[in-house]
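Each residue of the sequence shown is one higher than the one before, counting from 126 in my numbering.
Taking it in order: structure first as structure tokens, then the write-up.
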Amino acid sequence: MSAAASLHQLLVPNDNRSKANDRKHDVLPYVPLFTRLLHARESSDVPTDSRRTLKDLLHDQPDATLGKEYAVAFRQITSIDTIIQKAGSFDPSVFPDSDGDDHVALRRIEWTLGTLYVALESRREDSAHRLPWICGIANHSHVLELQCILHHALSSDWIPLSPPLVSLLLESSIGRTLLVGLVQNDPSAASSIVELVLLAMRRQVDVDTHMTLVAIADATTPHAVRRQCIVADFPYAAAVALDITCRLLHDTPVFLNGVMQGTKHATLWSVVTEALTQDPTTPFRRHTSAILGRIRLELQQALEAFLATKPVDVVAVLKAYCGLVGRGSLAVTDVECSLLFRVIGQECHHRRQDSGGGSSHSRFVQVAFTTIVLVCLSTLSQPVDAAATQVTKDARHLIGLLYTLDTSKSGSLFLITALLLYTKVLLAETEASTAAESHYAHAVQLCFKAQAKLKSAKAGPPLHAKVNGELALTYLVWAVHLAKTQDNHLGVLEKFNKALNMYVELRDRRQVAATHYQMASYYSQQQVKTKQRMEAARRHYEKALEYFGGVEVGTTFVMIHKQLAELYASSTKMEDVEHALLVVLNTFDAFKRVATLPRHEQADLESMAPTLVLRLQEYLLQLIRLGSASTKPAMQATITRFKAMYRLTIDQNTRPFAQLLLALRNMYE
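Written out as structure tokens, the structure reads:
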């Protein structure tokens, strides 16, 4: 039996007075529901005669309600046209008083609908005009009456629920309360009201509008409102979705798991990233930062609950952190890192004691492994200290535990990742020289183990190339480390050559060029500069330029030219110094395209320009001194040209460096 039929049966008059009194008490709990039926918009599911019968029956009940009074008053209005005709005569700032007026309900209906009609029509003519309606009502005791009036008007289609109405109600606290009341009494209107609030939110947003949507979600179905906010796909709506998640639904892990699939929900993740990485300099950013703070707190509490042996879906929580770190650029705190690693370690020990097969651990192992890697990357993106080094050591220990849980499927991957964590040059630089030596030696051994593992598993070429690339990188950073700390020339060259040969086999042109550059720097910085070492340095610089001069003309290109010029200028021969000058002038190829480079490279090149100007002046003066002893006319003409170039570097050193280089090149030619 439907609710309407049940109410009808309860309210039908009964000849037995005692039973009628009992029925009266039975009816009382249904009065709020019955009032809602009166306020709801017309539904084709309820016949018109049944609705009228229910309204008449409610009118006969001794426990009258405000909704019933307005239902009766609305019957005295034939159409909205009668109200529109006298709408202009109402004072929009004074709600009709109830003292000594038997028709106050009717007068308040006419005042509300009339002034609202005028307000909406005025807004259509001038959207920037702020209207006194709703803002002039200061008495919140009238809110319930206004709700009743609006419900009856909307159910009769006298006031269409349109964007102007919603934006008008959003202007004041009473108006926002009315919007929430609309969906409380008629949940079927929630979807359209939320859609219109979101539409108004695109044009202008504030915290009050944000909280109105949260209140509507609280009064109806939070999941549905959150879904609408996600589909709307703009930052302010995304912030509401996040707030509903942590304020009402408390399902943060499940929600984050659902929105981190592929490249979807980019707007939401941009809001998360901005809140986690940018200073809260705007009201919106301060608001979203506070929301993300609550989300992080909820996740931390879930981790703590798991450690306290409370039932928690640990995989969902770990995946949520993967989303925050991987897509939201979260920099995990020491507390979060400690909790995550403790949870993973505890779950590993629990699963090792479990008699289940390895297949039951696969999902946990994969998610835990990803979490560990992302936490390490987050830690290494910050200044590396002893704590960061400890994090990577703990990570390697946990990877070992995961390896034992799922050796057959994930062994190779775990070994590769472990050596990745071990071959970070930043970590070696935080340790003493002897400890760093051990660090690199251990990394090489891990690479060899990974090679053997891949060979026995008959892995494909991509995995082999990955391990060989890491082995080459280990040799390269080891060589750079030895070049700074030891005088063992042969040991340094051995590591450099191993790295170079492996990169050549891998056909990694960029890393081949980078290795040549490091070897050239090593030769050119030797205290004892023999002719053979200088020639080796020049040869490696030119090898590096075969790549950086044709593929990546940017910061590295300029640095190589600068160091190569310094190498030539260390000679006392005029032709070598002139070659150094030409090498610096060739940096024009990079500076002429500076506007097309990434911002960080633009900044690097701008910071290098003053030093290059000084080098130009130094080389020109050196050439002038070396050539002054000659009396040959051709040499004197050359010296005159060098002097003019030197004056140009003095007089026009404030102009863009690319223009100065171009002018000098033209003068030289």
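Heads up, the beta-carbon is just placed ideally off N, CA and C, and yes, glycines get one too.
{"query": "Enumerate in chain order the residues of its own chain whose CB-to-CB distance from Phe359 is below 7 Å, with the five nearest sequence positions on each side excluded.", "result": "Arg327, Thr392"}
{"query": "At a cut of 8 Å, does the stretch 752-767 reach the stretch 712-730 through at least three beta carbon pairs?", "result": "no"}
{"query": "Grouping DSSP H, G and I as helix and E and B as strand, with all else coil, what is Ala445?", "result": "helix"}
{"query": "What span of residues does the alpha helix (DSSP H) with Ile202 cover, start to end?", "result": "No alpha helix (DSSP H) holds Ile202; DSSP gives it neither H nor E."}
{"query": "Here's a check: name, in chain order, each residue in its chain whose Cβ is nearer than 6 Å to the Cβ of Tyr361, leaving out the five neighbours to either side.", "result": "Met326, Val330"}
{"query": "At what residues does the alpha helix (DSSP H) containing Asn791 begin and finish?", "result": "782-793"}
{"query": "Nearest to Leu596 by CA position, among Gly616, Leu579, Tyr565, is which residue?", "result": "Tyr565"}
{"query": "So which of Ala590, Ser317, Thr774, Ala366 has the shortest CA-CA distance to Leu279?", "result": "Ser317"}
{"query": "For Asp404, count neighbouring Cβ atoms within 10 angstroms of its own Cβ and tell me buried if that reaches 16, exposed if not.", "result": "exposed"}
{"query": "So which of Ala511, Cys501, Asp510, Thr337 has the shortest CA-CA distance to His522?", "result": "Cys501"}
{"query": "Using 8 Å as the cut-off, can you tell me whether the stretch 378-397 makes contact with the stretch 441-461, which would need three or more C-beta pairs spanning the two stretches below that distance?", "result": "yes"}
{"query": "Among Ala705, Ala441, Lys583, Leu499, which residue has its Cα nearest to the Cα of Gly822?", "result": "Past the boundaries of the shown model lies residue 822; the chain is included only from 126 to 794, so the question cannot be answered."}
{"query": "Going by C-alpha to C-alpha distance, which of Gly418, Thr337, Val319, Ala344 sits closest to Cys371?", "result": "Gly418"}
{"query": "Out of Glu270, Leu271, Val322, point me to the one whose CA is closest to Leu295's CA.", "result": "Val322"}
{"query": "Please classify Gly300: is it buried, with 16 or more other beta-carbons within 10 angstroms of its beta-carbon, or exposed?", "result": "buried"}
{"query": "Assign Pro257 to one of three DSSP states: helix, strand, or coil.", "result": "Low per-residue confidence applies at Pro257: pLDDT is 48, beneath 50, and the placement is therefore not dependable, though the value from the model is reported in the following sentence. The answer is coil: DSSP assigns Pro257 none of H, G, I, E or B."}
{"query": "Report back the beta-carbon spacing between Val308 and Thr345 to the nearest angstrom; my notes put them in contact at under 8 Å.", "result": "5 Å"}
{"query": "So what does DSSP say about Leu527, is it helix, strand or coil?", "result": "helix"}
{"query": "Below 8 Å, can you find three or more Cβ-Cβ pairs linking the stretch 690-709 to the stretch 737-747?", "result": "yes"}
{"query": "Going by alpha carbons, who is nearest to Leu424 out of Lys389, Tyr672, Phe409, Cys462?", "result": "Cys462"}
{"query": "Closest by CA to Val637, which one among Ala669, His606, Leu304?", "result": "Ala669"}
{"query": "Would you mind working out which of Glu726, Glu660, Asn791 sits nearest Leu707, comparing C-alpha positions?", "result": "Asn791"}
{"query": "Since Ala363 and Val396 are thought to touch, with beta carbons under 8 Å apart, how far apart are those beta carbons, to the nearest angstrom?", "result": "5 Å"}
{"query": "With a Cβ-Cβ cutoff of 8 Å, do Leu773 and Leu748 count as a contact?", "result": "no"}
{"query": "Ends of the alpha helix (DSSP H) at Asn626?", "result": "614-631"}
{"query": "Would you check if the distance between the CB atom of Val492 and the CB atom of Leu428 is smaller than 8 Å?", "result": "no"}
{"query": "Might you give, ordered along the chain, the residues of its own chain that have their beta carbon closer than 6 Å to the beta carbon of Val617, omitting 5 neighbours on each side?", "result": "Ala604, Leu607, Ala608"}
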